[in-house]
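S.K.:
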Amino acid sequence: MIAKESRNEVALGKFLDAHPHLREETRELSPKEQQQQFQWAFEDEAENLGIEPWELTLQLVAETPEELKAMRLEVHREVAEALGMDWDEYCSFNEITED
Numbered sequence: 485m486i487a488k489e490s491r492n493e494v495a496l497g498k499f500l501d502a503h504p505h506l507r508e509e510t511r512e513l514s515p516k517e518q519q520q521q522f523q524w525a526f527e528d529e530a531e532n533l534g535i536e537p538w539e540l541t542l543q544l545v546a547e548t549p550e551e552l553k554a555m556r557l558e559v560h561r562e563v564a565e566a567l568g569m570d571w572d573e574y575c576s577f578n579e580i581t582e583d
């Protein structure tokens, strides 16, 4: 499993590998502007797929369906904790099952 700190970078790299035209279209921009354009394109792709950018990140870095499920649950647990919600209540509210 890819470390949490590296997930966004790895996912963006995989996204750009799948969309090489983005690098070509932005080659005249500064590195900072390129990164901004890449991030916007990534977010647009997630929106087009009807998912959040964090979900696209997980989909791109997960090596197996089981790993994807585990990472999703990890993110949801973090959100529940940040919200101060009981895990069972959070799961019920968001229709999440752990099986």
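Residues in the sequence shown are numbered consecutively from 485, following the working numbering.
Glycine is no exception: its CB is placed at the ideal position from the N, C-alpha and C atoms.
#1: With DSSP run on the structure shown, which of helix, strand or coil describes histidine 503?
#2: Pop quiz: glutamate 529 and leucine 540 are said to be a contact at Cβ under 8 Å. What is the actual Cβ separation, rounded to whole angstroms?
#3: Go ahead and label phenylalanine 577 buried or exposed: buried means 16 or more other beta carbons lie within 10 angstroms of its beta carbon, across all protein chains shown.
#4: Grouping DSSP H, G and I as helix and E and B as strand, with all else coil, what is threonine 541?
#5: Name the residue from Val563, Glu493, Leu557 whose alpha carbon lies nearest to the alpha carbon of aspartate 583.
M.R.: Looking at the coordinates:
#1: Here histidine 503 sits in coil by DSSP.
#2: Rounded, the Cβ-Cβ distance is 6 Å, consistent with contact.
#3: By the 10 Å Cβ count, phenylalanine 577 comes out exposed.
#4: DSSP places threonine 541 in helix when its eight states are reduced to three.
#5: The candidate whose alpha carbon is nearest that of aspartate 583 is Leu557.
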